[in-house]
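Working notes, structure below.
There are 4 protein chains.
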Amino acid sequence: MHDIIYEADTPMGKLFDVILLILILVSIVIVMLESIPKLNEKYADTFYLLEWIITGLFTIEYIARIISIKKPTKYIFSFYGIIDLLSVLPLYLSFFIAGSSALLTVRSLRLLRIFRILKVSRYLGAGNYLKKAISDSREKIAVFLFAVLMMCIISGTLMYIIEGEESGFVSIPVGIYWSIVTLTTVGFGDIAPVTPLGQFIAAVIMIMGYGIIAVPTGIVTSEYSKNLNSKENKVILNTIACYNCNAKKHQDDAKFCHNCGEPLRDD
Amino acid sequence: MHDIIYEADTPMGKLFDVILLILILVSIVIVMLESIPKLNEKYADTFYLLEWIITGLFTIEYIARIISIKKPTKYIFSFYGIIDLLSVLPLYLSFFIAGSSALLTVRSLRLLRIFRILKVSRYLGAGNYLKKAISDSREKIAVFLFAVLMMCIISGTLMYIIEGEESGFVSIPVGIYWSIVTLTTVGFGDIAPVTPLGQFIAAVIMIMGYGIIAVPTGIVTSEYSKNLNSKENKVILNTIACYNCNAKKHQDDAKFCHNCGEPLRDD
Amino acid sequence: MHDIIYEADTPMGKLFDVILLILILVSIVIVMLESIPKLNEKYADTFYLLEWIITGLFTIEYIARIISIKKPTKYIFSFYGIIDLLSVLPLYLSFFIAGSSALLTVRSLRLLRIFRILKVSRYLGAGNYLKKAISDSREKIAVFLFAVLMMCIISGTLMYIIEGEESGFVSIPVGIYWSIVTLTTVGFGDIAPVTPLGQFIAAVIMIMGYGIIAVPTGIVTSEYSKNLNSKENKVILNTIACYNCNAKKHQDDAKFCHNCGEPLRDD
Amino acid sequence: MHDIIYEADTPMGKLFDVILLILILVSIVIVMLESIPKLNEKYADTFYLLEWIITGLFTIEYIARIISIKKPTKYIFSFYGIIDLLSVLPLYLSFFIAGSSALLTVRSLRLLRIFRILKVSRYLGAGNYLKKAISDSREKIAVFLFAVLMMCIISGTLMYIIEGEESGFVSIPVGIYWSIVTLTTVGFGDIAPVTPLGQFIAAVIMIMGYGIIAVPTGIVTSEYSKNLNSKENKVILNTIACYNCNAKKHQDDAKFCHNCGEPLRDD
Numbered sequence: 004m005h006d007i008i009y010e011a012d013t014p015m016g017k018l019f020d021v022i023l024l025i026l027i028l029v030s031i032v033i034v035m036l037e038s039i040p041k042l043n044e045k046y047a048d049t050f051y052l053l054e055w056i057i058t059g060l061f062t063i064e065y066i067a068r069i070i071s072i073k074k075p076t077k078y079i080f081s082f083y084g085i086i087d088l089l090s091v092l093p094l095y096l097s098f099f100i101a102g103s104s105a106l107l108t109v110r111s112l113r114l115l116r117i118f119r120i121l122k123v124s125r126y127l128g129a130g131n132y133l134k135k136a137i138s139d140s141r142e143k144i145a146v147f148l149f150a151v152l153m154m155c156i157i158s159g160t161l162m163y164i165i166e167g168e169e170s171g172f173v174s175i176p177v178g179i180y181w182s183i184v185t186l187t188t189v190g191f192g193d194i195a196p197v198t199p200l201g202q203f204i205a206a207v208i209m210i211m212g213y214g215i216i217a218v219p220t221g222i223v224t225s226e227y228s229k230n231l232n233s234k235e236n237k238v239i240l241n242t243i244a245c246y247n248c249n250a251k252k253h254q255d256d257a258k259f260c261h262n263c264g265e266p267l268r269d270d
Numbered sequence: 004m005h006d007i008i009y010e011a012d013t014p015m016g017k018l019f020d021v022i023l024l025i026l027i028l029v030s031i032v033i034v035m036l037e038s039i040p041k042l043n044e045k046y047a048d049t050f051y052l053l054e055w056i057i058t059g060l061f062t063i064e065y066i067a068r069i070i071s072i073k074k075p076t077k078y079i080f081s082f083y084g085i086i087d088l089l090s091v092l093p094l095y096l097s098f099f100i101a102g103s104s105a106l107l108t109v110r111s112l113r114l115l116r117i118f119r120i121l122k123v124s125r126y127l128g129a130g131n132y133l134k135k136a137i138s139d140s141r142e143k144i145a146v147f148l149f150a151v152l153m154m155c156i157i158s159g160t161l162m163y164i165i166e167g168e169e170s171g172f173v174s175i176p177v178g179i180y181w182s183i184v185t186l187t188t189v190g191f192g193d194i195a196p197v198t199p200l201g202q203f204i205a206a207v208i209m210i211m212g213y214g215i216i217a218v219p220t221g222i223v224t225s226e227y228s229k230n231l232n233s234k235e236n237k238v239i240l241n242t243i244a245c246y247n248c249n250a251k252k253h254q255d256d257a258k259f260c261h262n263c264g265e266p267l268r269d270d
Numbered sequence: 004m005h006d007i008i009y010e011a012d013t014p015m016g017k018l019f020d021v022i023l024l025i026l027i028l029v030s031i032v033i034v035m036l037e038s039i040p041k042l043n044e045k046y047a048d049t050f051y052l053l054e055w056i057i058t059g060l061f062t063i064e065y066i067a068r069i070i071s072i073k074k075p076t077k078y079i080f081s082f083y084g085i086i087d088l089l090s091v092l093p094l095y096l097s098f099f100i101a102g103s104s105a106l107l108t109v110r111s112l113r114l115l116r117i118f119r120i121l122k123v124s125r126y127l128g129a130g131n132y133l134k135k136a137i138s139d140s141r142e143k144i145a146v147f148l149f150a151v152l153m154m155c156i157i158s159g160t161l162m163y164i165i166e167g168e169e170s171g172f173v174s175i176p177v178g179i180y181w182s183i184v185t186l187t188t189v190g191f192g193d194i195a196p197v198t199p200l201g202q203f204i205a206a207v208i209m210i211m212g213y214g215i216i217a218v219p220t221g222i223v224t225s226e227y228s229k230n231l232n233s234k235e236n237k238v239i240l241n242t243i244a245c246y247n248c249n250a251k252k253h254q255d256d257a258k259f260c261h262n263c264g265e266p267l268r269d270d
Numbered sequence: 004m005h006d007i008i009y010e011a012d013t014p015m016g017k018l019f020d021v022i023l024l025i026l027i028l029v030s031i032v033i034v035m036l037e038s039i040p041k042l043n044e045k046y047a048d049t050f051y052l053l054e055w056i057i058t059g060l061f062t063i064e065y066i067a068r069i070i071s072i073k074k075p076t077k078y079i080f081s082f083y084g085i086i087d088l089l090s091v092l093p094l095y096l097s098f099f100i101a102g103s104s105a106l107l108t109v110r111s112l113r114l115l116r117i118f119r120i121l122k123v124s125r126y127l128g129a130g131n132y133l134k135k136a137i138s139d140s141r142e143k144i145a146v147f148l149f150a151v152l153m154m155c156i157i158s159g160t161l162m163y164i165i166e167g168e169e170s171g172f173v174s175i176p177v178g179i180y181w182s183i184v185t186l187t188t189v190g191f192g193d194i195a196p197v198t199p200l201g202q203f204i205a206a207v208i209m210i211m212g213y214g215i216i217a218v219p220t221g222i223v224t225s226e227y228s229k230n231l232n233s234k235e236n237k238v239i240l241n242t243i244a245c246y247n248c249n250a251k252k253h254q255d256d257a258k259f260c261h262n263c264g265e266p267l268r269d270d
């Protein structure tokens with residue numbers, strides 16, 4: 004059972020993952036459709052029924068995952084373990100507590116689980132390269148984003164002083180929000196400068212935003228290029244998971260778990 | 004006749020392609036102008052007449068393409084064969100069925116055919132490098148876009164909960180639409196957050212969108228650079244097409260089609 | 004006189020260029036200020052007087068440039084020669100023809116001349132690298148922009164069909180305009196989709212626009228990197244101009260013009 | 004005392020920096036909250052009291068910094084010295100002069116000081132690479148931004164002529180502001196072209212903006228890549244500061260200040 008639920012190398016394991024993926028997508032679509040007033044009026048009962056069926060299936064999956072592993076706590080307190088729990092809890096809670104429909108959105112997190120299926124060789128490779136490139140430039144991007152935020156605080160305050168409440172800059176936080184909207188080149192236009200000086204500063208912010216967008220791009224491109232060229236980045240393509248501690252990323256010919264020493268059954 | 008219609012290496016073949024290109028552009032311009040109410044009232048008859056003339060010429064071209072090839076099915080069911088058919092069908096259909104003017108837009112696909120003319124050496128080279136760079140990073144960009152979509156689903160649902168219907172977030176799909184508009188830094192402003200918490204989350208989405216735009220750029224740049232530097236990418240610059248199966252990309256000195264074995268006449 | 008006007012290596016030549024730059028900037032600022040109704044009411048006479056003074060000085064400069072060169076036609080029909088003429092003509096013409104104030108904007112082109120001053124060593128180097136990178140990837144960017152335009156035509160037509168006139172998509176050209184606004188991530192919001200299907204297609208266009216912005220970046224970065232690394236790109240830092248044909252980019256130790264054979268006086 | 008205030012290598016130095024960082028952030032948050040009318044009505048007294056406490060602490064810090072250095076003028080007229088002074092001055096001035104609340108925003112500059120704490124090894128390294136990449140491509144980006152500005156002046160004037168005051172293009176400076184908004188792909192939508200010709204030119208500007216955003220990215224990426232690959236870029240990770248002249252960036256094993264020759268005490 005462990006092989007089917009936690010790994011994707013066997014036909015049964017793949018089938019399990021595909022069924023899970025479909026269930027997740029159906030569940031997400033229901034959440035979306037429920038939020039459309041017209042559809043909810045008409046099909047509220049159908050949605051409710053489907054919701055209970057899917058939650059029931061996810062509950063079974065959650066229990067199966069706990070049973071099929073030697074050390075259940077390893078799974079329960081892992082990232083995906085918490086998400087799995089959060090994806091079934093809301094409905095049960097909503098049964099007891101009225102008006103907790105907001106919790107249903109936690110189900111969106113369920114989408115994160117579909118990344119497990121992506122652990123098919125090719126996608127894993129691609130995903131890992133990306134993750135490594137982003138992780139390697141994490142600090143540099145943090146420094147950059149911090150500098151951007153600082154620029155936004157200064158320019159947001161300036162705009163609040165110059166434009167004032169008449170133009171929609173009702174407070175400094177709103178000014179900072181506007182600066183972020185502008186510097187990232189989003190530009191909603193719900194707030195826009197009207198005074199010549201405000202427009203001049205806005206123009207300066209925009210040109211800066213246009214110029215410095217090159218910085219994160221330069222960082223990620225360079226790090227990504229480096230990774231792409233280096234031979235050291237070995238990518239684990241199998242989905243072997245330890246029966247005991249659920250550790251992943253074992254070598255293809257590994258016989259024992261690199262984390263807890265438990266023998267890996269590949270028979 | 005095959006050489007003139009399918010290849011662009013002879014003067015006649017080039018002339019044929021240029022005439023075809025002009026016809027396509029004229030046809031596109033007519034479709035555009037017809038959609039402007041003022042012009043359509045005035046020149047409806049002229050547009051209608053021109054439309055029939057162009058459709059007639061395209062019909063002749065379509066028949067000529069079928070006749071001049073040994074295996075017509077190879078052309079008919081190819082990508083361009085279907086586009087060629089779709090570019091003449093709408094008008095004939097509209098003659099029988101009233102109100103099918105929507106089908107006229109299929110003609111826009113006709114524009115895709117002008118890429119054939121681009122198969123002049125230089126442009127082919129440039130286009131192929133691009134295609135190869137995009138095709139090589141296809142999977143990585145798919146993983147990236149999937150991650151972006153997931154972020155949009157989560158943030159769209161959050162905004163729906165926080166902002167609610169008063170701010171225009173009438174349903175989760177609309178929230179997701181807004182998230183995509185924001186994360187891609189488009190920012191229409193038709194829907195914009197008004198609550199402080201909503202604006203804070205919007206700011207986080209925008210800064211993330213600003214930061215992660217670097218990822219696809221990094222991928223494409225790296226792959227493109229790799230292709231540019233490698234000597235393996237041989238680009239076929241001629242436009243030789245097999246008389247039998249219409250296969251392309253033959254070596255310059257090829258004597259037989261690499262697909263069906265038919266001799267290639269280059270005399 | 005030729006050295007002062009056409010070259011920037013001598014102190015007098017530099018002074019001439021700086022005075023010219025200031026005159027151009029003053030002239031641009033006047034054009035701008037004139038367009039502000041409030042200021043124009045107040046200072047119309049001052050602006051008019053200044054305008055005539057500057058035009059007079061530019062006329063002298065234009066005549067001096069023609070006199071100080073052996074083959075005046077070389078200058079008159081060069082890019083800068085035409086701009087120099089266009090920068091003085093409008094005012095003289097406006098003296099004879101009333102209501103030709105639109106021509107005054109031609110003066111904006113005068114700004115292009117300030118690039119001459121940029122021909123100080125460092126800036127020339129930087130500018131030339133850029134020019135070379137853009138020029139090398141010209142064809143590839145043309146292919147890319149053509150593909151983008153084709154996507155905009157198709158999606159603009161689709162949006163016109165789906166959204167219709169109620170949402171502001173009054174004609175196909177307007178739909179294409181909207182598509183360009185969206186794909187380039189500008190997003191004015193003057194026109195925005197309101198139907199669910201329209202918003203879905205808009206979301207697809209936006210994500211595509213977000214993804215493919217990587218392509219021109221990839222191209223320019225690769226070409227620019229290649230140029231930066233190669234030793235072949237020799238940059239001419241002097242501003243020597245031939246007395247006869249006004250040819251530039253002479254080697255530092257050149258004795259004769261590489262274009263017409265005229266001796267270059269460097270004494 | 005010098006070690007604690009100016010360096011971050013000792014536990015006490017780190018503690019001092021962390022307390023300072025918290026004080027700065029609290030101070031910034033108070034400025035922000037004060038600007039929200041609702042909160043200011045309620046908690047004006049609390050904000051005022053906190054403001055005086057923080058200003059008091061910053062005053063003590065400023066005096067401590069002056070005392071603990073041999074040549075106080077080195078600190079007083081340095082970038083951070085002026086910021087430190089500006090961060091305490093506004094409140095004292097506002098005590099004497101009524102209505103000078105605008106000066107309070109100068110405190111935002113205080114945020115710049117938190118970069119000192121970032122001088123922890125890793126962040127310093129990342130920040131220095133970035134600074135070097137931007138500084139190396141400074142001239143090229145200046146040339147690029149200048150070209151962009153020129154395009155904006157020309158297109159802004161064109162739009163002013165074509166669209167006129169009815170569409171919101173009330174003057175050339177406003178037209179230029181709109182051009183910058185459009186070219187940088189911000190697109191507020193407060194001003195948008197309505198005439199077909201205006202929309203066509205807007206489309207051209209947008210596509211240009213979309214295409215040329217690749218240029219600064221290309222420059223920064225290339226320069227950054229070069230720096231990343233070269234071994235010459237040695238990064239100083241310690242925070243040793245001279246007791247005499249406050250010079251930084253000493254070698255790890257330096258015994259004397261490289262600027263004034265003062266012995267560096269590391270005991």
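Chains as they are written, first to last, in our numbering: chain R, 4 to 270; chain C, 4 to 270; chain G, 4 to 270; chain V, 4 to 270.
Every residue gets a Cβ at the ideal spot worked out from N, C-alpha and C, and that includes glycine.
Note that the structure is predicted; figures quoted are calculated from it, not measured.
A buried status is given to residue 213 (chain R), since no fewer than 16 other beta-carbon atoms sit within 10 Å of its beta-carbon. Proximity to residue 164 (chain V) across V:14, V:6, V:201 peaks at V:201, based on C-alpha coordinates. Within 10 angstroms of the beta-carbon of residue 169 (chain R) lie fewer than 16 other beta-carbons, which makes it exposed. The Cβ atoms of residue 57 (chain C) and residue 32 (chain C) do not sit closer than 8 Å to each other.
Contacts between residue 148 (chain G) and chain V, judged by CB atoms closer than 8 Å, involve 210, 214 in chain order. Residue 176 (chain R) belongs to the set of residues whose beta carbon lies under 8 Å from a beta carbon in chain C. By the neighbour-count criterion, in which a residue is buried when 16 or more other Cβ atoms sit within 10 angstroms of its Cβ, residue 249 (chain R) is buried.
A distance below 8 Å separates the beta carbons of residue 222 (chain G) and residue 140 (chain G). For residue 192 (chain G), the neighbours in chain V by C-beta distance under 9 Å run, in chain order, 190, 191, 192, 195.
According to the DSSP secondary-structure assignment, residue 14 (chain R) is paired through a beta bridge with no residue.
Under the three-pair Cβ rule at 8 Å, the segment 145-162 of chain V counts as touching the segment 178-194 of chain V. A buried status is given to residue 5 (chain R), since no fewer than 16 other beta-carbon atoms sit within 10 Å of its beta-carbon.
Counting along the chain, residue 38 (chain V) sits inside no alpha helix (DSSP H), nor does DSSP assign it H or E at all.
Annotated three-state conformation of residue 196 (chain R) is coil, per DSSP. Residue nearest to residue 199 (chain V) within the set C:22, C:39, C:151, C:77 is C:39 (criterion: CA-CA distance). The beta-carbon of residue 187 (chain R) is placed less than 8 Å from the nearest beta-carbon of chain C.
Residue range 75-79 is occupied by the alpha helix (DSSP H) that includes residue 75 (chain C).
Here the segment 143-154 of chain V does not lie against the segment 140-155 of chain R, with fewer than 3 beta-carbon pairs under 8 Å apart. Its Cα nearest to that of residue 84 (chain G), the residue G:64 stands out among G:264, G:64, G:172. Between the beta-carbon of residue 219 (chain C) and that of residue 217 (chain G) there is about 4 Å, and that keeps the pair under the 8 Å contact cut. When secondary structure is reduced to three states using DSSP, residue 259 (chain G) falls in the strand class. Cα atoms of residue 211 (chain R) and residue 204 (chain R): separation of roughly 11 Å, rounded to the nearest angstrom.
In this structure, residue 192 (chain G) lies near residue 193 (chain C), with their beta-carbon atoms less than 8 Å apart.
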